[in-house]
């Protein structure tokens, strides 16, 4: 067993501009061709950076969750990913719990997220955290890209 890895404590915090290159790498690892390109991440940071959460271990970002607040007291979780090597260790559930808390502090009434219907591990996490199915769109991200929309009510 690697002692350094076993004793490393994750840190959860708001994203910084300097995190974007690593966030882009996490996006690429997890979403491949569907990953947000760096320039989009930069623009999203300009719009929503104050509500973007990251998880890091040993000063390396290994997960992120982008929260976009709307004027009607809703929030959309626009991008949520944890590196494959950290999956199943609670990083995702902690990021999601912190996003829910952030939304609560902003008096959000409803949090929405899209999920590919075949992404069972993500679906299980959202359901475990209290999200419920609200809609299905067959071409949400274009032809052949269906998504379920899940909602968490505060």
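Residue numbers (UniProt numbering): 1 to 154.
C-beta: ideal position from N, C-alpha, C; glycine also.
Please read all numbers here as calculations on a predicted model, not as lab measurements.
Residue 98 places its beta carbon 7 Å or farther from that of residue 36. In this structure, residue 8 lies near residue 57, with their beta-carbon atoms less than 7 Å apart. Boundaries of the alpha helix (DSSP H) around residue 22: 20-31. Runs of the alpha helix (DSSP H) lying entirely within the region 37-72 and spanning at least 4 residues, in chain order: 38-48.
Contact between residue 112 and residue 133 is ruled out by a C-beta separation of about 11 Å, above the 8 Å threshold.
The C-beta distance from residue 65 to residue 44 rounds to 12 Å, too long to fall under 8 Å, and the pair is not in contact.
Pairing residue 55 with residue 148, the inter-Cα distance amounts to about 26 Å.
By alpha-carbon distance to residue 103, the top candidate from 121, 33, 50, 137 is 50. Close CB contacts of residue 135 within its chain, under the 8 Å cut and outside five residues either way in sequence, are with 148, 149 (chain order). Residue state for residue 79 is assigned as strand, using DSSP reduced to three classes.
Secondary structure note for residue 113: its beta strand (DSSP E) is the uninterrupted segment 110-115. Annotated three-state conformation of residue 12 is strand, per DSSP. For residue 152, the secondary structure class from DSSP, reduced to helix, strand or coil, is strand.
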